[in-house]
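Before any comments, here is the structure.
There are 2 protein chains.
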Amino acid sequence: MGKGITSRSEDYSQWYNDLVVKADLAEHSAVRGCMVIKPYGYAIWERMQAILDKRFKDTGHSNAYFPLFIPKSFFSKEASHVEGFATECAVVTHYRLKNDGEGNIVVDETAKLEEELIVRPTSETIIWNTYKGWIESYRDLPILVNQWANVVRWEMRTRLFLRTAEFLWQEGHTAHATHDEAVEEAERMLEVYADFAEQTLAVPVIRGVKTENERFAGALETYCIEALMQDGKALQAGTSHFLGQNFAKAFDVKFTSKEGKLEHVWATSWGVSTRLMGALIMAHSDDQGLVLPPKLAPIQVVIVPIYKTEEEKANIDGFVQTLTNELQDMDISVKYDDRDTQRPGFKFAEWEMKGVPLRVAVGARDLQNGTVELARRDTQTKETVSQEGLAVTIENLLGIIQENIYHKALSFRSEHITEVNSYEEFKDVLESKGGFISCHWDGTVETEKRVKEETKATIRCIPLDAKEEAGVCIFTGKPSGKRVLFAKAY
Amino acid sequence: MGKGITSRSEDYSQWYNDLVVKADLAEHSAVRGCMVIKPYGYAIWERMQAILDKRFKDTGHSNAYFPLFIPKSFFSKEASHVEGFATECAVVTHYRLKNDGEGNIVVDETAKLEEELIVRPTSETIIWNTYKGWIESYRDLPILVNQWANVVRWEMRTRLFLRTAEFLWQEGHTAHATHDEAVEEAERMLEVYADFAEQTLAVPVIRGVKTENERFAGALETYCIEALMQDGKALQAGTSHFLGQNFAKAFDVKFTSKEGKLEHVWATSWGVSTRLMGALIMAHSDDQGLVLPPKLAPIQVVIVPIYKTEEEKANIDGFVQTLTNELQDMDISVKYDDRDTQRPGFKFAEWEMKGVPLRVAVGARDLQNGTVELARRDTQTKETVSQEGLAVTIENLLGIIQENIYHKALSFRSEHITEVNSYEEFKDVLESKGGFISCHWDGTVETEKRVKEETKATIRCIPLDAKEEAGVCIFTGKPSGKRVLFAKAY
Chain A
1475 MGKGITSRSE DYSQWYNDLV VKADLAEHSA VRGCMVIKPY GYAIWERMQA ILDKRFKDTG
1535 HSNAYFPLFI PKSFFSKEAS HVEGFATECA VVTHYRLKND GEGNIVVDET AKLEEELIVR
1595 PTSETIIWNT YKGWIESYRD LPILVNQWAN VVRWEMRTRL FLRTAEFLWQ EGHTAHATHD
1655 EAVEEAERML EVYADFAEQT LAVPVIRGVK TENERFAGAL ETYCIEALMQ DGKALQAGTS
1715 HFLGQNFAKA FDVKFTSKEG KLEHVWATSW GVSTRLMGAL IMAHSDDQGL VLPPKLAPIQ
1775 VVIVPIYKTE EEKANIDGFV QTLTNELQDM DISVKYDDRD TQRPGFKFAE WEMKGVPLRV
1835 AVGARDLQNG TVELARRDTQ TKETVSQEGL AVTIENLLGI IQENIYHKAL SFRSEHITEV
1895 NSYEEFKDVL ESKGGFISCH WDGTVETEKR VKEETKATIR CIPLDAKEEA GVCIFTGKPS
1955 GKRVLFAKAY
Chain B
1475 MGKGITSRSE DYSQWYNDLV VKADLAEHSA VRGCMVIKPY GYAIWERMQA ILDKRFKDTG
1535 HSNAYFPLFI PKSFFSKEAS HVEGFATECA VVTHYRLKND GEGNIVVDET AKLEEELIVR
1595 PTSETIIWNT YKGWIESYRD LPILVNQWAN VVRWEMRTRL FLRTAEFLWQ EGHTAHATHD
1655 EAVEEAERML EVYADFAEQT LAVPVIRGVK TENERFAGAL ETYCIEALMQ DGKALQAGTS
1715 HFLGQNFAKA FDVKFTSKEG KLEHVWATSW GVSTRLMGAL IMAHSDDQGL VLPPKLAPIQ
1775 VVIVPIYKTE EEKANIDGFV QTLTNELQDM DISVKYDDRD TQRPGFKFAE WEMKGVPLRV
1835 AVGARDLQNG TVELARRDTQ TKETVSQEGL AVTIENLLGI IQENIYHKAL SFRSEHITEV
1895 NSYEEFKDVL ESKGGFISCH WDGTVETEKR VKEETKATIR CIPLDAKEEA GVCIFTGKPS
1955 GKRVLFAKAY
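The listed protein sequences correspond, in order, to chains A and B. The numbering used here applies: residue 1475 is where the first sequence begins, and numbers increase by one. The numbering used here applies: residue 1475 is where the second sequence begins, and numbers increase by one.
Next comes the structure, spelled out in structure tokens:
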């Protein structure tokens, strides 16, 4: 294993790529833009899935599954939606290969589809076409459904987890009888995401709404959570859309209200993806590798024995067995790394690279002294502690580590939200420090686009908690009622 | 809701279709051959996933994720594999749509892929291409990986769950240093499937191996579990393949052995799919709807209140709350159906259709008498029982129901395995009774094909526990050493 990753200060982007591969999280596949999620990376994703899935179910949602393919014509039914997705989609045109007689496998031109199928980039269209058959009356509402699935968007420039042609995600699609109920749902799910990001991923996020320019194709309002990475760039970590009646109108989905009137149904959709893996990595990790918050770590505690003789090893084994049982009873996941093919130093570096929150080293002298050595991944500190009450010590420490990782990220973010009141200042901060820049903006798409062209910064969101404050747009000098957050973003 | 499903005796096939839709399990989508798995159906699939996933992890496997797309050239590398799958696959040829200027969304012909991509029908090729980068030495082996994924096979005639163009499955792909270890793995996973089918699905299965003719494309040996449906047709419920070194050779995957020799890696793959939903339905259900074994039921107990006044309702609510808490503490899933929009009779029929194993009805008089009425879905019997120790009564009854469903299916199967010793007898049994027909066969592909042409029956498997027994092939009269099982199959 060895160190072998580029440092963040040297080349942040290369550091990320190195880490993803060296920590065994993912790798590029032979298919352009598609990744292989390796077992260790997938185990972290599974933890995310399990925790999110429980939160979805606790808020009344059920899972279902809809087709991978979407007929091309469905796409065209919601005008802004097709514009948003048509330029980057995988198109299935044929349904058979054949041997050309000379030993080559070729597409069978006689097996051409009448209508092309698009590999779903998102499922609003196929789902609303389905909901049409499920909804007649207000009694059929709300529909609160989520889907765990793969989607494909033909990105030209890809990066592992952050931007891949195929990625894994969940997409919630709900149907409601009223405008207000749908807005409430969109806001509820945003809060589920925000709480998950902060409590589980230990990543502080800003809750906000997108400007018209950055809104989801087909939404009336896009709520988002925005996180800050260590290089000062923002990352959109989840979105929840209030879709109004757009998809209900496009697919003619009406219901009879309590009052007996026929009305179009109100909709939301919301999703997070394997992109969260990128956010997790870039928010916490360091030059030694991955740093995982305990709540997400597939292995929370690794135990490494230090021994010279088989007898020493046998004694350590006995101690570890007892400790492991105690920890497992507390639902703490433990790995005993007693490989005899590697030295302790190699193991330390490997588990450090993989971000295991806590390492326990135990040697023959420890057994005599009734101690072990604990090494925290987050602070890179070691201490010798008593074996007395060790399981509880470990449990408490995992809680402290979770907190510490969050607060470290929170401090970093606090230091990287800068209020500016002029365009000069804006450009200066963007260049020198990065992070979120809080400033006034005149509310037009035009201004946002021009700032983006000139600086590459976009409006990440209008924070939900933004205060009313009279000011002037840093770019045009026109009046503005509240500050927005700009940043360069992933 | 109402009854409204065709009876099995009238039209078994229509009964199945009716049931799948009426029990809210799945429906056809707008995309040819692709299904929508509805929330209730998906909840059953999630139970299957959770239980299988735990069994895979308990046997040392980890999950990972590989690309949806497979380059066409990969397909061609294993000759029998491409033959098996090329004739029914979805081919991606373009990566962009565009507006043709007249408002039509069309394929952008300038965005044609250099090499076509196949939507995975199974992932051996892309995975073995990946494993090449993971394996150098015997220390890297075994690799024990599973993937939960969607796959696409362009079936022309589709049926919900049983045969769909897109389906959900898991596919295990393992790599080993030796022939024997790979065979052991293939056999171990077959036993995991068999045990899951019998213990969880309550479906008895026959463990066997496929004949050459029915083997997986690219396998040296295909192990299978075969179940019997109520119409006397067999259903292959899971397969586990010993792939030999075929894929390692096709993708040039070698390792350095302990002895320092460079050798090709040995492989297995194994999978079960949403087809299991079809097996589950057809093995147990009846003319009133779905019958679910308790271990798979998303709702194990439904409680229906019978009341005339609000006061009665309030008293029942109190009783139900206590019972529900007790049951939930025992990990029994309960639904209290206190909708005031439907009468009890309607609710009874609905939960019967959805296969809830146990129904508790409780009225004002029950509260006075200290009783409730329990109705078993499997036997369609009711009894009045005491409220004393009710939670334990229910827990025991769920165990009894699970057993009973299994034994009912087992008896049916025992009655439908018929030994025959002549081709006349074979055709007669096949026609009059169906089920598995145990007979001698000369071991040739030719004979198997001819019997299939004449009778539509195929060899489902050579049972693993088939005894050595001298006999003659029912078709050719040539000598045979053991009996095989023929049947018509799904």
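Glycine is no exception: its CB is placed at the ideal position from the N, C-alpha and C atoms. The model shown is predicted, which means the values in this text are computed figures rather than measured ones.
| Asked | Found |
| --- | --- |
| Local Cβ density within 10 Å of V1866(A), reported as buried at 16 or more and exposed below that | exposed |
| Opposing strand residues paired with I1911(A) [DSSP bridges] | T1892(A) and F1960(A) |
| Chain A contact for E1437(B) (CB, 8 Å cutoff) | Because residue 1437(B) is not part of the residues shown, which for chain B are 1475 to 1964, the question remains open. |
| Spatially closest choice to I1544(A) from E1640(B), V1556(B), T1480(B) and L1872(B), by CA coordinates | E1640(B) |
| Listed by chain order, chain A residues near P1768(B) by CB distance under 7 Å | The premise fails here: P1768(B) is roughly 20 Å from chain A at the closest Cβ pair, so nothing lies under 7 Å. |
| Residues of its chain near G1476(A), where Cβ-Cβ distance is below 6 Å and the 5 sequence neighbours each way are ignored | Only weak support is given to the placement of G1476(A): the predicted model assigns it a pLDDT of 46, under 50, and the value that follows is read from those uncertain coordinates. Around G1476(A): no qualifying Cβ. |
| Buried versus exposed call for V1919(B) [16 or more other C-beta atoms within 10 Å across all chains shown] | exposed |
| Neighbour flag for L1596(A) against chain B, beta carbons, 8 Å | Contrary to the premise, residue 1596(A) reads as Thr rather than Leu in this sequence. No, its Cβ sits nowhere closer than 8 Å to a Cβ of chain B. |
| Residues that A1701(B) bridges to, as DSSP identifies them | V1679(B) and L1709(B) |
| Residues, ordered as in the chain, of the segment 1532–1556 of chain B that lie near chain A by beta-carbon distance below 7 Å | S1536, N1537, A1538, Y1539, F1540, P1541, L1542, F1543, P1545, K1546, F1549, S1550 and V1556 |
| Backbone CA spacing between K1962(B) and T1696(B) [nearest angstrom] | 19 Å |
| Contact residues within the segment 1642–1670 of chain B, judged by C-beta distance below 8 Å to chain A | L1642 |
| Per DSSP, cross-strand counterpart(s) of W1740(B) | H1650(B) |
| At least three beta-carbon pairs within less than 8 Å, the segment 1698–1706 of chain A to the segment 1650–1660 of chain A | no |
| 8 Å contact criterion, which R1570(B) and C1563(A) should meet: CB distance rounded | 7 Å |
| Identity of the residue in Q1644(B), M1630(B), E1552(B) and Q1710(B) nearest L1526(B) by Cα | Q1644(B) |
| Whole runs of the alpha helix (DSSP H) within the segment 1759–1814 of chain A, excluding any shorter than 4 residues | 1784–1803 |
| Boundaries (first-last residue) of the alpha helix (DSSP H) holding T1604(B) | E1598 to W1608 |
| Secondary structure of G1476(B), DSSP reduced to three states | Caution is warranted here: a pLDDT of 46 is assigned to G1476(B), below 50, making its placement in the model unreliable, and the coordinate value is therefore given only provisionally. Three-state result, G1476(B): coil. |
| Given 8 Å, three or more beta-carbon pairs between the segment 1524–1540 of chain B and the segment 1663–1676 of chain B | yes |
| N1494(A) versus W1602(B): straight-line alpha-carbon distance, rounded | A quick correction: the sequence has Val, not Asn, at residue 1494(A). Answer to the nearest angstrom: the Cα atoms are 21 Å apart. |
| Backbone secondary structure at M1522(B) - three-state DSSP | helix |
| Where S1906(A) falls: helix, strand or coil (DSSP) | helix |
| Contacts of N1687(B) in chain A (Cβ-Cβ under 8 Å) | Chain A residues near N1687(B): none, gap ~20 Å exceeds 8 Å. |
| Beta-carbon gap between D1852(B) and P1831(B) smaller than 8 Å | yes |
| Short CB-CB distance (under 8 Å) between M1475(B) and chain A | With a pLDDT of only 44 at M1475(B), under 50, the local geometry of the prediction cannot be trusted, and the value read off the model is given with reservation. For M1475(B), the answer is no, since every Cβ of chain A falls outside 8 Å of its Cβ. |
| Near-chain A residues of the segment 1508–1528 of chain B - C-beta to any C-beta below 7 Å | C1508, V1510, I1511, K1512, P1513, Y1516, A1517 and E1520 |
| Beta-carbon proximity check, M1751(B) vs I1479(B), cutoff 8 Å | no |
| CB contact flag (A1649(A), V1739(A), <8 Å) | yes |
| For R1851(A), the first and last residue of its enclosing beta strand (DSSP E) | Counting along the chain, R1851(A) falls outside any beta strand (DSSP E), and DSSP gives it neither H nor E. |
| Minimum C-alpha distance to W1489(A) - residue among A1693(A), K1606(A), E1700(A) and S1759(A) | S1759(A) |
| Closer than 8 Å to chain A by CB, K1572(B) | yes |
| Best match in Q1861(B), P1768(B), V1683(B) and Y1516(B) for proximity to K1956(B) [C-alpha to C-alpha] | V1683(B) |
| C-alpha gap between G1745(B) and Q1710(B), whole angstroms | 11 Å |
| Inter-residue Cα distance where the pair is L1770(B) and G1515(B) | 11 Å |
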